[in-house]
Amino acid sequence: MVDTVWVLFTAVLVFFMNAGFGCLEAGFARQKNCVNILSKNFIVFAISSVAFWFIGWGLMFGDGTPFFGTQGLWTLGGADNSPATGDGYQGVYGAINWTGVPLLAKFFFQLVFAGTAATIVSGAVAERIRYLSFILFSFVLVALIYPVVGHMIWGGGWLAGKGMWDFAGSTVVHSTGGWAALAGALILGPRFGKYRRDGSISPIPGHNLSLATIGCFILWLGWFGFNPGSTMAADPGAISHIAVTTNSAAAAGILGATFYSWMRLGKPDLGMTLNGCLAGLVAITAPCAFVSVGSSLLIGLMAGFLVVEAVIRFDRIRVDDPVGAISVHLVNGIWGTLALGLFAQDRFTPGTTGNGLLFGGGTGLLAAQALGVATVGVFVFAAASLAWLAIKALVGIRVSLQEEIHGLDIGEHGNVAYPDFVIHKRFPLPTEHDAVGASARS
Amino acid sequence: MVDTVWVLFTAVLVFFMNAGFGCLEAGFARQKNCVNILSKNFIVFAISSVAFWFIGWGLMFGDGTPFFGTQGLWTLGGADNSPATGDGYQGVYGAINWTGVPLLAKFFFQLVFAGTAATIVSGAVAERIRYLSFILFSFVLVALIYPVVGHMIWGGGWLAGKGMWDFAGSTVVHSTGGWAALAGALILGPRFGKYRRDGSISPIPGHNLSLATIGCFILWLGWFGFNPGSTMAADPGAISHIAVTTNSAAAAGILGATFYSWMRLGKPDLGMTLNGCLAGLVAITAPCAFVSVGSSLLIGLMAGFLVVEAVIRFDRIRVDDPVGAISVHLVNGIWGTLALGLFAQDRFTPGTTGNGLLFGGGTGLLAAQALGVATVGVFVFAAASLAWLAIKALVGIRVSLQEEIHGLDIGEHGNVAYPDFVIHKRFPLPTEHDAVGASARS
Amino acid sequence: MVDTVWVLFTAVLVFFMNAGFGCLEAGFARQKNCVNILSKNFIVFAISSVAFWFIGWGLMFGDGTPFFGTQGLWTLGGADNSPATGDGYQGVYGAINWTGVPLLAKFFFQLVFAGTAATIVSGAVAERIRYLSFILFSFVLVALIYPVVGHMIWGGGWLAGKGMWDFAGSTVVHSTGGWAALAGALILGPRFGKYRRDGSISPIPGHNLSLATIGCFILWLGWFGFNPGSTMAADPGAISHIAVTTNSAAAAGILGATFYSWMRLGKPDLGMTLNGCLAGLVAITAPCAFVSVGSSLLIGLMAGFLVVEAVIRFDRIRVDDPVGAISVHLVNGIWGTLALGLFAQDRFTPGTTGNGLLFGGGTGLLAAQALGVATVGVFVFAAASLAWLAIKALVGIRVSLQEEIHGLDIGEHGNVAYPDFVIHKRFPLPTEHDAVGASARS
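Residue numbers (my numbering), protein chains in the order written: chain V, 3 to 444; chain H, 3 to 444; chain W, 3 to 444.
Here you go:
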C-alpha cells in the first residue's frame, strides 16, 4: 500500500511541475506573449494525457522490439490483471514489472514524466510559435518520439541492453525535450529584434521575475517527486538518499551559477541563479541514486557553470531560446548522463553519505552513457526536425511579423494578460524587416 | 498507519485549493477589487474551520435524523475513543465509521471539503459584495447549510437511503457551492457597467491571467487530493484508478472547452481553457471511482462544452458571475452527478482500464441521482436565499455605487494591491445610474 | 517504510515554505527591490543546504557538550550504519535516535527547518541590505548559531535537561530567526524615508498583495509539514491531532488579527490578516502536540492580537521591519513557547479533542519554558549581533543611499522585476539626508 501512496504522492509533485514551467517561462517572456505561453503550458499536459494514453504508453513499455513496444499498444489495453486487487500489474508491459504497484499508478507516474518532456519545448519556441503548431508538435512528441527514447532506455530496449543507466531521466526526459526544443528553435528562427544585422544582440528581459521565481521554486519542489519517486517504491534508504543528492545538486547549481555569473557578468543575475538551480537538478536526475552527497555537490556546481556558459554561447551563435531551456535541459541532461559514468559508486549504494568521488562505473559504463547520449541526440533531433517541418508545411509554425510585434496574446487568443496596467511600448514598429528574425517565417 | 498518512496528504492538497481559488478569482477580477477578493478567499477557510468545528461536523455526521445529526453536535464532542491509540474512531458519528482513521483525521479531511464549498461562492459574488456580509454568509453556509446536504448524502441520511451516489462531492460540495453562489449573484445583482440599458454586454476582463492560471494549476493539483483522497484509505487499486480518471476528465475538459470556444468565439480563449479544466474536474468528482478511463474522457469533454455554453448563456440572462463559478460548479456538478448514473459500471470496479461505456447503474440509479440533484437544488437555493436576504436586512450586502466604482480595495480594506504600478482608468465615473447594477443595492 | 514516506512528504512541504517566504516578503516590499528579495530568498536555501551539511548538522545533533556536538561534526560524517538497509540510524547523533528513519531522512527534515530560520531573517532586513552580506550572515546562522540553539533544546543539550519543551520549534526555529532578524534590523537601521525627523512615520506599502497572499497560503500549507511532520513518525493519532491544532491556531490568528485591526485601525487590513495567520502558526508550533483543539484556538486568537500590537509598537520605536517578521516570528515564537507551559495537558495526549484548557505542566514547566526563551534570546541576539558587526566591518552591510533610492534590483543585480510595466515614481530623490535612515550606513 505504501508503495502506491509514494508513487502517487511523487507523481502529483511532478504533475505540479507543469505549473512551475508555466510560471518560469511566462515570467521570462514579455507580457505581450504571456497569455500565449500560459495557454501553451496549460494545454500541453492535456495533450500529453491523451497522447500518452492513446498510444505513447504502449510504444514505451509494451513488450516488442528494441525500439518500441508492439503489445498492449492502444489506450492502455494490456491484459488487466492488477488494479481491482491492488496487486502489482504483471502483464504485457514487462519492462516495468519490477515495481509492484497497480497498472494505473505506473501509467500516471510515467504520464507526468512524458508531460515534462513536452513542456520543456514550450519555452524555447516561445514568443513566435503558432498555438496550433505547438499543440500538434506536443502530440507527436508524446505519442511517438518520447516513447521510442523511453523504450530504448526504460522499456527494456536497445540502450538498456548496452548497459546505459538513466535513473530518473536526464536523457529520457530532459535531453529529449532539449533536442526537440533545439530543433524547434532552429527551424523557427530567432524572435524579431533579438539579433541585429550589425551583429549586436538585444537582450529581451522577461516581464515578471516574481512569476519566474515562483516557477523555479515549484520546479525544485517537483523534483523531490521526480527523482525520489523514480524508485516507484517506498524504499526508505533509497528515497532518503535521493532526496538529499537532488537537493544538494540544486544548491550547488544555484551557487555555481550565481557566483560564476557574478564574476563573468559583473552582477549576480537572478535569471542565471534560477537556471543554475534547474541545471543542477537536471544534471543530478540520471545519477541521483548512484552517487554520494559529495559527488552530487560537484555535479551541481559544474552544472551551474555550464548553464551560464551555454546561455551566453547559444546567444552568440544566434540560437534564440527565450528562457534558456536548451542550456538547462539539453546541455545539463547530457552532462548528468555522463556524470553518472564518472561518479557512480562501484556498487549500488544509495545512502552512502561519504564523499568518495569514486570512478566506479569504469570506462565501460561511461562509454554506454556516451552511446546513449549520442543515440538519443541523433534520433530526437532528426525526428523532431521532421515533425516541425511537416507541421510547417501543413499549417505553418510561425506567426506573422505584425502579430509578433503586437504580441501573440491578441493575435492568437484575443486576450491580454494584464489589461488594468499601463504597459511600456518597448518595441516600436520596425522600419525595416529583420533578416534573421524573418528568415524562417512561414 | 498508511491510511492516515494518505488522508492527511490528500487533505493538505485540498486545503491548498483555497490558494487556487484565491488566485483564480483574483486574477479573473479587476485590480481595484483584488485585495477584497484575496481577503475573502483567505479568511473564508478560517471561518469554515471555526464553523465546521463548532457545529457543522456534528450536524453532518452525527447520528440523528435523515436530514441532520443530533448527537455529538458541538465542537467535535463525540465520545472520543480513538485518537490516543490511533485506532479508527467508532462512536456517535456512525456514518463515517467505514474509514479506520482517527477522528481528527476524519474531521480535517471533511473540513477542507466544507471549506471548498464556501470558497466557491466567493467568485460569483465578487467585485460588489460587502466583506462583512460574505463572512457572515460563509459561516452560515458551513455551519448549517452544507452539513444538511452532507448529512443527506454522506451522513447516512435521506438521499443515501434513496440510493444516490456521490463519490467525492459533485453535488455535496460543488453544486451546493454553486447554488449558494447563484442565489448570491441574483440577490446582489450584476456589477455596475456590466449590462447596459440598450441590451449590450460589456466584457470585464480579469486583471491578471498569470495569477488565474497559477490558480487553476493549483486547483488541478488539489483535485488529486479531492478525488483519490475520498477513499479515505490507501487502497492501491482505487486511488490509482481515481487519479487517472480525474486527470483524464480534466484533460478532456481543457480540450473540449478550448476547441469549442475556438470554434464558437473565433479564438482559443484562455479563460475558457481554465474553466474547461475545472468543469471536467467538477464533473468527474462524483463518478471518478465508478467509471472507466474512456468514460472519464467523455464526461470531461462534455463538461468542457457545457461550461462554454453556460458562461455565454448566464451572461445573456444577466446573471453576473465574474469568474464563471456557477457555470463550473453548479452546471457541471449537476452534469457529473447525472453522468455517474449514465456511465457507472455494473459493479464497483475501480481499476478497470477498459473503455466500455457501460450504462451500468440502470434507470434506478439515474433516477436516484436526479432526485439528489433536485433535492439539493431546492434546499440549498432556498436556504441560501434566505440567508442572503437575512444578511441584507441585517447589515446590507452590497457596497455603495461610489465604492464599487472606485474599487472595494480602498473602500473595504484601505489597501491597494499594486501601488507601484500605473493603472489604466478603465471605468470613468458614470453619468447616469445603471438600472440593472443598482437594483439590488442595499 | 511509511515513517520515511511521512518524513519526506512533510519535509518537502517545509521546503516549499521557502517559496512562501519569498512571495510574502517580495509582495510586502517595493517593486524596485523585488529582484533582490527574490534572489535572497532563493539563494538562502542553497546556502543553508551547504552550511548545514558542512558543519551545522554535526554541531546540532552530534554527541558532545550541553551546547554543541563534538562527534560526527563534518559533512554528515557519522558512522553510517543505516541507509543501505533502510533501518533507522543509531550512531553518534544519539539525540535523534528516537526516530527510526534513515540518517539522510533525518538530515533532510532537519535541513528544511534550519533553512526556515535563515529565510525568516530576509524580510526584516529587506530593501537596504547588501546581497553579499546577507549571504554571509545566512551561512553563519545555519552553520553555527542555529545549531547551538538546536543542540540545547533538540540535541539533548542544556535546555532539554532543564525540562524545556518545544515540539516543532517556536523557539528553536522562529525565535532564533526572529532574534537574528531583530539584531539585523537594529544594526542596519531603518529604510530611507520610513521615519522622518518630525517624528512622523511614512507607511511604505508592499508592491504586490497577490504575491504576498500566495506566499501566505504556501506558508500555511507548509506548516502542515512543519508541525505534524515533527513527529518524524507516522503515528496516526498524533499527526491527526497536530494537523487540527495547527489549522485551528491559524484560523484563530486570522480572525483575531483581522477583527482587532478592524477595530484598531478602522479597516480589516489584508497585511494584518496574513500576519495573523502566520502569528497563529508560529505560536502553535511549540505546543501543537500537547494542547487541545480548544486551547489551540485560544493560543491562535491571542497571537492574532499580539501581532497587530507588535507591528504597531515596533514601528513606534523605529525598528523598521518591512514585512513584520519580528512581530510574527519573535513575538509569537516567545508566546507559543510560554503557551505550551500554560495550556499543555497533564499527560501527553495527542488526539484529545476535548476543550479543557488545563494548566497541566505546572509552574515547573512554565519556568523551564521561560528559561528557554531567555537563554535563546540572550545567546542568539548576542551571537547574531556579533556576526552582523563582523560582516559590516569586513564587507559592509548596507547599500549606498543612491542605490537604496533607485532600488537594489538595479544596484545589486542589474535586473528589473517588471520591465514591461509603467511604474510610479513614489519616492523622489531626497533633498536632504534622512538622519535615521542614514545613521547605520556603512
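Every residue gets a Cβ at the ideal spot worked out from N, C-alpha and C, and that includes glycine.
| query | result |
| --- | --- |
| Once DSSP output is grouped into helix, strand and coil, what is the label at L113 of chain H? | helix |
| Which residues, taken in chain order from the stretch 175-209 of chain V, show a beta carbon closer than 7 angstroms to some beta carbon of chain H? | none |
| Would you mind giving the Cβ-Cβ distance between L213 of chain H and G29 of chain H, rounded to the nearest angstrom? I have them listed as a contact below 8 angstroms. | 3 angstroms |
| Measure the C-alpha to C-alpha separation of I244 of chain W and S232 of chain W and round it to an integer number of angstroms. | 10 angstroms |
| Alpha helix (DSSP H) containing V150 of chain H: first to last residue? | 148-155 |
| Just tell me which of V:I286, V:G335, V:R199, V:D317 has its CA closest to the CA of G374 of chain V. | V:G335 |
| Is A86 of chain V close to chain H, meaning its C-beta is less than 8 angstroms from at least one C-beta of that chain? | Its pLDDT being 44, under 50, A86 of chain V is placed unreliably in this model, and the coordinates cannot settle the point. |
| Tell me which residues of the stretch 407-427 of chain V have at least one Cβ-Cβ distance to chain C shorter than 8 angstroms, keeping chain order. | No chain C is part of this structure, whose protein chains are labelled V, H and W. |
| Mind listing the chain H neighbours of T219 of chain W? Cutoff is C-beta to C-beta under 8 angstroms, in chain order. | Just to set this straight, residue 219 of chain W is Phe in the shown sequence, not Thr. What F219 of chain W touches in chain H: F18, N20, A21, G24, F44. |
| Counting only C-beta atoms, is A13 of chain V closer than 8 angstroms to chain W at any point? | no |
| Taking A312 of chain V as part of the alpha helix (DSSP H), name the residues at either end of that continuous run. | 295-318 |
| Should V310 of chain W and S250 of chain W be called a contact, given that it needs their Cβ atoms to be closer than 8 angstroms? | no |
| Is it buried or exposed, L267 of chain H, if we count other Cβ atoms within 10 angstroms and call 16 or more buried? | exposed |
| For V4 of chain V, which residues in chain W fall below 8 angstroms Cβ to Cβ? | M3, V4, V7 |
| Output, in sequence order along the chain, the residues in the stretch 106-126 of chain H whose CB is closer than 7 angstroms to any CB in chain W. | L106, A107, F109, F110 |
| Using a threshold of 8 angstroms, state whether the C-beta atoms of G22 of chain H and C218 of chain H are closer than that. | yes |
| I'd like the list of long-range same chain contacts for A210 of chain W, defined as Cβ closer than 6 angstroms, with 5 residues on each side in sequence excluded. | In the sequence on display, residue 210 of chain W carries Asn and not Ala. The residues are G29. |
| Helix, strand or coil for A21 of chain H? Go by DSSP, reduced to three states. | helix |
| Could you pull the start and end residues of the alpha helix (DSSP H) that E405 of chain V belongs to? | 403-408 |
| Tell me which same chain residues have a C-beta within less than 6 angstroms of the C-beta of V14 of chain W, skipping the five on either side of it? | none |
| Could you have a look at S158 of chain H and say whether DSSP puts it in helix, strand or coil? | The residue you asked about is not Ser; residue 158 of chain H is Gly in the sequence shown. Here G158 of chain H sits in coil by DSSP. |
| Per DSSP, I203 of chain H forms a beta bridge with which residues? | H:Y197 |
| Below 8 angstroms between beta carbons: does that hold for G282 of chain W and A305 of chain W? | yes |
| Taking Cβ positions, are I45 of chain H and F423 of chain V nearer each other than 8 angstroms? | no |
| For the pair the stretch 312-319 of chain H and the stretch 153-170 of chain H, tell me if three or more CB-CB distances fall below 8 angstroms. | no |
| In its own chain, which residues sit with a C-beta less than 7 angstroms from the C-beta of D128 of chain V, not counting the 5 before and 5 after it? | Reading off the sequence shown, one finds Ala at residue 128 of chain V, where the question assumed Asp. So the list reads E27, A31, N35, I39, P324, V325, once near-sequence residues are dropped. |
| G416 of chain H and K196 of chain W: beta carbons closer than 8 angstroms? | no |
| Just to confirm the assignment, what range does the alpha helix (DSSP H) spanning T67 of chain V have? | Counting along the chain, T67 of chain V falls outside any alpha helix (DSSP H), and DSSP gives it neither H nor E. |
| By the three-class DSSP mapping on this structure, what secondary structure does F219 of chain W have? | helix |
| Using the beta-carbon count (16 or more within 10 Å), is K427 of chain V buried or exposed? | exposed |
| What would DSSP say about I412 of chain V, mapped onto helix, strand or coil? | helix |
| Using a Cβ-Cβ cut-off of 8 angstroms, state whether S41 of chain V counts as contacting chain H. | yes |
| Hey, does P104 of chain W have any beta-carbon neighbour from chain V nearer than 8 angstroms? | yes |
| Alpha carbon to alpha carbon, how far is L61 of chain W from L299 of chain V? Give it in angstroms, no decimals. | 21 angstroms |
| Determine, using beta carbons only, whether L367 of chain H comes closer than 8 angstroms to chain W. | no |
| Starting from the Cα of W55 of chain W, find the closest Cα among W:R130, W:S202, W:Q112 and give me that residue. | W:Q112 |
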